[in-house]
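First comes the structure, then the notes that go with it.
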Amino acid sequence: MATPTYVVLLGKQGAGKGTQGELLCARHGLVHLSTGDILRAAVRAGSDLGREVSRVLEAGELVSDDLVNRLVEERLGAPDAAAGAVFDGYPRTRGQAEALDRILAPGGVGLCVLVELPDELVVARLSGRRVCEGCGTIYTLTDPSAESGVCERCGGRVVQRADDTPEAIGARLAAYERDTRPLIDFYDARGLLVAVDGDRSVEEVSASIEAALVARGLA
Ligand code: AMP
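Residues in the sequence shown are numbered consecutively from 11, following our numbering.
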C-alpha cells in the first residue's frame, strides 16, 4: 500500500484552512481532520466531551493538548484515514506538534502549508462567516445558503459560529500568536513549510497548495 500523505494546514482562523482542506481531501482522497469540527459536533450532540469543552470553545480558548491528541489518534485509526489526512486547526501548540510526530511515526507530516492573512482581514472574514451545523460547509453572507439559513448540500441549518463574535475572535487571535505561531519555525526548521497568500480567490490559493504538493512528490 502507498505511504499515507499527511498535510498540516497552519494559519489564523478565517484564513481559509477549512475551505482549502475540503478541496484537498476531495482531490486526493484524504480525510479532513478538523479538531474544531469534531469538538463542535460533540457540543451539539451534548456528549460528555461536548459538555466538558463547550465553555472553552465559546471563549475562544484552547482545550487541553491531551484531549485533542486523543481525538486525533482515534480519528486516524479509522479505516477511511488509510490514505492520509489533512489537519485543519491541529496541531495548535508545540506539545500537539510533538504528539503528532509520535502518532504518525515512523512516517510523519509531508507538508505544512501556512495560509497567510493579516488580522484586519481575519476579523472581517470571521464576522461574515456562516457555517452549516450538519456538514460543516462554510458560507459567506452573500451565498444563497447563508441568506436562506438552509445548507444547499445537506439541508442542515446554516448559522453563525458561537465563537465568531468580536470578543472570541480577539481571544483566538491572541491564542494563535502565543501558542500556534511558534509552529511556523517548528515546521520550517524541518524544511516542511510552504507559505501561501490567503488573500486571493479560493481557486488561486488552492492552485498554490496543489503546486506545493506536486513539488514535494506528494501528488
Ligand atoms: P477552529 O474551528 O479550528 O477555529 O476551532 C474552534 C475552537 O475549538 C478553538 O477556538 C478551540 O477552542 C478548539 N480547538 C480546535 N482545535 C483545537 C486544538 N488543536 N487545540 C486546542 N483547542 C482546539
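We put the beta carbon where it would ideally sit given N, CA and C, even for glycine.
- At least one heavy atom of the ligand AMP lies closer than 6 Å to the C-beta of ARG102.
- The DSSP assignment places complete alpha helix (DSSP H) segments of no fewer than 4 residues inside the region 23-103 at 27-38, 45-55, 58-69, 75-86, in order along the chain.
- In the three-state reduction of the DSSP assignment, THR150 falls in the strand class, which pools E and B.
- In this structure, DSSP gives ARG135 a helical state, which the three-state scheme calls helix.
- Of all alpha-carbon atoms in SER211, SER216, VAL212, the one lying nearest the alpha-carbon of VAL204 is that of SER216.
- Per DSSP, reduced to three states, the secondary structure at ASP129 is helical.
- In the DSSP assignment, CYS122 forms a beta bridge with VAL18, LEU203.
- Rounded to the nearest whole angstrom, the C-alpha separation of LEU40 and PRO101 is 17 Å.
- Residue range 212-225 is occupied by the alpha helix (DSSP H) that includes VAL224.
- Distances from the CA of SER44 to each of ASN79, ASP209, GLY138 were compared; the closest alpha carbon is that of ASN79.
- Taking the Cβ atoms as the reference, GLU71 lies roughly 36 Å from ALA229, outside the contact range of under 8 Å.
- Approximately 14 Å separates the beta-carbon atoms of GLY159 and CYS145; this is outside 8 Å, ruling out the contact.
- Between the alpha carbons of GLN23 and GLY120 lies a gap of roughly 22 Å.
- Selection ASP173, PRO176, ALA92, THR103 evaluated against LEU193 yields THR103 as nearest (Cα-Cα).
- The criterion of a C-beta distance shorter than 7 Å is not satisfied by VAL96 and GLY201.
- GLU62 is positioned such that its CB atom lies no closer than 7 Å to that of ASP173.
- If the five residues before and after VAL141 are omitted, its C-beta is found closer than 6 Å to the C-beta atoms of ILE148, ARG171, all from its own chain and listed in chain order.
- From the listed residues GLU143, ARG163, GLY138, ALA199, the smallest Cα separation to LEU151 is found for GLY138.
- ARG171 carries a coil assignment under DSSP once its states are collapsed to helix, strand and coil.
- Secondary-structure assignment with DSSP links ARG140 through a beta bridge to TYR149.
- In terms of side-chain proximity, the C-beta atom of GLY21 is found no nearer than 6 Å to any non-hydrogen atom of the ligand AMP.
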